[in-house]
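**Student:** One line per chain: the protein sequences are G and C, in this order. Those letters in the first sequence? Residues 6 to 300, per this note's numbering, in order. Those letters in the second sequence? Residues 147 to 427, per this note's numbering, in order. Shown below is the structure under consideration.
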Amino acid sequence: MNRKNKEVFIKYLFLLFALVSIIVLGLIVFSLFREGMPLFATVPFRDFLFGLEWYPTYDPPSFGIFPLIVGSLIVTAIATLISVPLGVLAAVYISEIAPQRVKGILKSVIELLAGLPSVVLGFFGMVIVAPWLQETFDLPTGLNIINASVILAIMAIPTISSISEDALYAVPREFKEASYALGATKFETIAKVIVPAALSGISTAIMLGMARAIGETMVVLMVAGGAAAIPESLFDSVRPMPASIAAEMGETPYRSAHYQALFATGIVLFVLTLAFNLIADYVSHKFKQTGSATL
Amino acid sequence: MFKMIKKAALGLMLLSVTAGVSFAADSIVIKGSTTVLPVAQGTLEAFMKANPGIQMSLSGGGSGEGIKALIDKTTDIATSSREIKDKEIELAKSKGVNPVAHVVAFDAIIPVVHPKNKVTNLTVDQLSQIYQGNITNWKEVGGDDLKIVVISRDSSSGTFESWDHFVMKKAKVTPRAQMLASNGALVTAVSKNKYAIAYLGIGYVNKSVKPLQVNGITATLETAMSKAYPFSRELYMYTNGEPQGQTAKYIAFVKSAAGQKIVAREGFVPLGDGKKAGKKK
Numbered sequence: 006m007n008r009k010n011k012e013v014f015i016k017y018l019f020l021l022f023a024l025v026s027i028i029v030l031g032l033i034v035f036s037l038f039r040e041g042m043p044l045f046a047t048v049p050f051r052d053f054l055f056g057l058e059w060y061p062t063y064d065p066p067s068f069g070i071f072p073l074i075v076g077s078l079i080v081t082a083i084a085t086l087i088s089v090p091l092g093v094l095a096a097v098y099i100s101e102i103a104p105q106r107v108k109g110i111l112k113s114v115i116e117l118l119a120g121l122p123s124v125v126l127g128f129f130g131m132v133i134v135a136p137w138l139q140e141t142f143d144l145p146t147g148l149n150i151i152n153a154s155v156i157l158a159i160m161a162i163p164t165i166s167s168i169s170e171d172a173l174y175a176v177p178r179e180f181k182e183a184s185y186a187l188g189a190t191k192f193e194t195i196a197k198v199i200v201p202a203a204l205s206g207i208s209t210a211i212m213l214g215m216a217r218a219i220g221e222t223m224v225v226l227m228v229a230g231g232a233a234a235i236p237e238s239l240f241d242s243v244r245p246m247p248a249s250i251a252a253e254m255g256e257t258p259y260r261s262a263h264y265q266a267l268f269a270t271g272i273v274l275f276v277l278t279l280a281f282n283l284i285a286d287y288v289s290h291k292f293k294q295t296g297s298a299t300l
Numbered sequence: 147m148f149k150m151i152k153k154a155a156l157g158l159m160l161l162s163v164t165a166g167v168s169f170a171a172d173s174i175v176i177k178g179s180t181t182v183l184p185v186a187q188g189t190l191e192a193f194m195k196a197n198p199g200i201q202m203s204l205s206g207g208g209s210g211e212g213i214k215a216l217i218d219k220t221t222d223i224a225t226s227s228r229e230i231k232d233k234e235i236e237l238a239k240s241k242g243v244n245p246v247a248h249v250v251a252f253d254a255i256i257p258v259v260h261p262k263n264k265v266t267n268l269t270v271d272q273l274s275q276i277y278q279g280n281i282t283n284w285k286e287v288g289g290d291d292l293k294i295v296v297i298s299r300d301s302s303s304g305t306f307e308s309w310d311h312f313v314m315k316k317a318k319v320t321p322r323a324q325m326l327a328s329n330g331a332l333v334t335a336v337s338k339n340k341y342a343i344a345y346l347g348i349g350y351v352n353k354s355v356k357p358l359q360v361n362g363i364t365a366t367l368e369t370a371m372s373k374a375y376p377f378s379r380e381l382y383m384y385t386n387g388e389p390q391g392q393t394a395k396y397i398a399f400v401k402s403a404a405g406q407k408i409v410a411r412e413g414f415v416p417l418g419d420g421k422k423a424g425k426k427k
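Written as structure tokens, this is what we have:
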């Protein structure tokens, strides 16, 4: 092999490495659709998406995943409401206010939180949070929306916080200096200059945090309670989509309607996560800070 | 370039196909019901002690999971708390697998409530109405004025199917029911919830929950054996064809006196007594 061929060979080899993750993703998406789509030959798409009854193992079965979608969305929404203020404000504190030492400690603790296995958090929610919620508020069950949302929020905080912090850190020095030079206080500088300048990054962080929450399986399997009904209050149990797939996949005969329905649920989940990522991408371009040469 | 992608894709596929299929001759893989898990665990430990050098692995996942693994030939023994379904037999046959059943123990399914609950007895019909969501308050069945929180195993569980078989008779469990993923999760949930009702395999009932009588009959080892207690069932191990070699030895061990002692120790009903006391269907 002469030098030139070697060069070409290596170039393509590296291209292949770069393509591996794309190929894997492609194959996964392909099989997801291949296994899920045949369901719609027997169950109309509308009945699947908006049906209120999820009785996959009965005869005749009903495959309505609307309660599961509602469960996923509501748990994600509340988790977002909790994790966004906590995550973003923590990022602001770490990047703008905290002294160097505190900053180091906080950053590594938050990273540690990201490394906690979800089953540990789920167990925590099941054995500690659930009984506590139940006792304190005299609820019929502690395995409910609030519990699942709080645990998911804990999982989403590291994502939101660390990406937001990167965004805040990337705000050019001149912005701050200009703001202080105009006589603005530290609070005014943070609230009116730094955060708006980092808004695109922060929005991306939030979207990725939400994507993390909606796809999380173990936590919702363990603490959401698993009731496939549309909740009437925040203290009701729900059955988010990932929990349903994880709990039921074991029982489904290969390529039965139930099996296809679970894959189709996976497609819905995939589309939702994809949507969050696309929105994150769009937002980060749309609100990109302009007006400084360093950005 | 496309050739390369194709090759890579092929390689990946091959890798995923070959992984996990091969196991050595003197290793036994057991997979399936979480109800049978304590029995399998106990007997496996004793068997491995008696036969050093043998490799055994055990995992749960549910009866359906085990049978699926047997059909896919990724396990030697599938444990199950229910009989194999006709559909599963068909699928197995189509893949050249011939599932053979071995009854290894008896189990009883017991409705349980929080220890502070005043209710001590429910009829099968009351249980069915509660699980269908028609009875929603404990005062309707002689308890306090508290909402009933219905807890069930999820539908991949053999216990769920047995409950359907004994109590629900194909009626639908209310969508408001909590569906939890293991017997252990059920115990935790009920022991900490005074509103709750759930059902457990007899091996999982402990002091943290209160077992209920059914139709006035207390579930004990004796009543389960004699089938006087209405919710009694067999626990199975399935193999592909008649078991061979080490697998056969292991199953014989489970059925032996020593194995059945472990069955009793884990809180299930041993075989010999069951055969004496009641007839197998």
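Using N, Cα and C, we set each Cβ at its ideal position, and we do this for glycine too. These figures come from a predicted structure and were not determined experimentally.
For a contact meaning CB atoms closer than 8 Å, what does G:Tyr-287 contact in chain C?
**Tutor:** Correct list: empty, because the minimum Cβ distance to chain C is about 29 Å.
**Student:** Are C:Lys-264 and C:Thr-282 touching if we call contact CB-CB under 8 Å?
**Tutor:** Cβ atoms of C:Lys-264 and C:Thr-282: not closer than 8 Å.
**Student:** Assign C:Glu-380 to one of three DSSP states: helix, strand, or coil.
**Tutor:** C:Glu-380: strand per DSSP, three-state reduction.
**Student:** Apply the 10 Å Cβ neighbour rule to G:Gln-265 and answer buried if 16 or more other Cβ atoms are within range, or exposed otherwise.
**Tutor:** The residue in question, G:Gln-265, is buried, as its Cβ has 16 or more Cβ neighbours within 10 Å.
**Student:** With a threshold of 8 Å on Cβ separation, who are the neighbours of C:Val-167 within its own chain once the five nearest residues in sequence on each side are excluded?
**Tutor:** Because C:Val-167 carries a pLDDT of 39, less than 50, the predicted location of this residue cannot be relied on, and no value is offered for it.
**Student:** Three or more C-beta pairs under 8 Å: does that hold for the region 112-119 of chain G against the region 201-213 of chain G?
**Tutor:** Segments in contact, no.
**Student:** What number of angstroms, rounded off, separates the C-alpha of G:Met-212 from the C-alpha of C:Leu-190?
**Tutor:** Answer to the nearest angstrom: the Cα atoms are 48 Å apart.
**Student:** With distances taken from CA atoms, which of G:Arg-51, G:Gly-120, G:Pro-163 and G:Phe-38 is nearest G:Leu-4?
**Tutor:** The displayed coordinates of chain G run from 6 to 300. Any statement about residue 4 of chain G would go beyond what the structure contains.
**Student:** Leaving out the 5 sequence neighbours to the left and right, which residues in its chain are closer than 7 Å to G:Arg-217 when beta-carbon positions are compared?
**Tutor:** If we look at G:Arg-217 and ignore the five residues flanking it on each side, its Cβ neighbours are Met-160, Ala-161 and Thr-164.
**Student:** Whose CA, out of C:Asn-244, C:Arg-379, C:Lys-356 and C:Pro-321, lies closest to the CA of C:Ser-301?
**Tutor:** That would be C:Pro-321, whose Cα lies nearest to the Cα of C:Ser-301.
**Student:** At 7 Å on the CB atoms, spell out the chain C contacts of G:Ala-234, in chain order.
**Tutor:** Simply Pro-321 and Arg-322.
**Student:** Report yes if the CB atom of C:Pro-376 is closer than 8 Å to the CB atom of C:Phe-312, and no otherwise.
**Tutor:** Yes.
**Student:** Do you know whose CA, among C:Gly-279, C:Ser-227 and C:Asp-291, lies nearest C:Met-314's CA?
**Tutor:** If we check each option's Cα against that of C:Met-314, C:Gly-279 comes out closest.
**Student:** Just to confirm, is the Cβ distance from G:Ile-250 to G:Thr-270 under 8 Å?
**Tutor:** Yes, they are a contact pair.
**Student:** Closer than 8 Å by beta-carbon distance: list the chain G residues that pair up with C:Ala-344, in chain order.
**Tutor:** Within chain G, no residue comes near C:Ala-344; the closest Cβ sits about 12 Å away, beyond 8 Å.
**Student:** Under the rule that 16 or more other beta-carbon atoms within 10 Å means buried, what is C:Gly-420, buried or exposed?
**Tutor:** Residue confidence for C:Gly-420 is low, a pLDDT of 44 falling below 50, so the modelled location carries little weight and cannot support an answer.
**Student:** Would C:Ser-328 and C:Arg-228 qualify as a contact pair, given that the criterion is a beta-carbon distance under 8 Å?
**Tutor:** Contact flag unset, no.
**Student:** For C:Tyr-341, count neighbouring Cβ atoms within 10 angstroms of its own Cβ and tell me buried if that reaches 16, exposed if not.
**Tutor:** Under this definition C:Tyr-341 is a buried residue.
**Student:** Please tell me whether C:Leu-268 and C:Val-243 are closer than 8 Å, where the distance is taken between their beta carbons.
**Tutor:** In this structure, C:Val-243 does not lie closer than 8 Å to C:Leu-268 by Cβ.
**Student:** When the Cα atoms are used, what is the spatial distance from C:Lys-407 to C:Pro-416?
**Tutor:** Between C:Lys-407 and C:Pro-416, the C-alpha separation is close to 7 Å.
**Student:** Just curious, the beta strand (DSSP E) that C:Ile-297 is in, first and last residue?
**Tutor:** That run of the beta strand (DSSP E) goes 295-299.
**Student:** So, is the C-beta of G:Val-200 closer than 8 Å to a C-beta in chain C?
**Tutor:** No - not a single Cβ of chain C is within 8 Å of the one on G:Val-200.
**Student:** I need the straight-line Cα distance from G:Ala-229 to G:Ile-150, nearest angstrom please.
**Tutor:** Approximately 6 Å, taken between the alpha carbons.
**Student:** Examine chain G for any beta-carbon lying closer than 8 Å to the beta-carbon of C:Glu-211, and answer yes or no.
**Tutor:** Taking Cβ atoms only, chain G reaches closer than 8 Å to C:Glu-211, which makes this a yes.
**Student:** Mind checking G:Met-6: buried by the 16 CB within 10 Å criterion, or exposed?
**Tutor:** Counting Cβ neighbours within 10 Å, G:Met-6 comes out exposed, since fewer than 16 surround it.
**Student:** Give, in chain order, every unbroken run of the beta strand (DSSP E) that is at least 3 residues long and sits entirely within the region 321-355 of chain C.
**Tutor:** Within the region 321-355 of chain C, the complete beta strand (DSSP E) runs of at least 3 residues are 324-326 and 342-347.
**Student:** Is there a C-beta anywhere in chain G that falls below 8 Å from the one on C:Glu-229?
**Tutor:** C:Glu-229 does not count as touching chain G.
**Student:** Nearest to G:Ala-280 by alpha carbon, out of G:Ala-233, G:Pro-247, G:Gly-92 and G:Met-215?
**Tutor:** Nearest option by C-alpha distance: G:Met-215.
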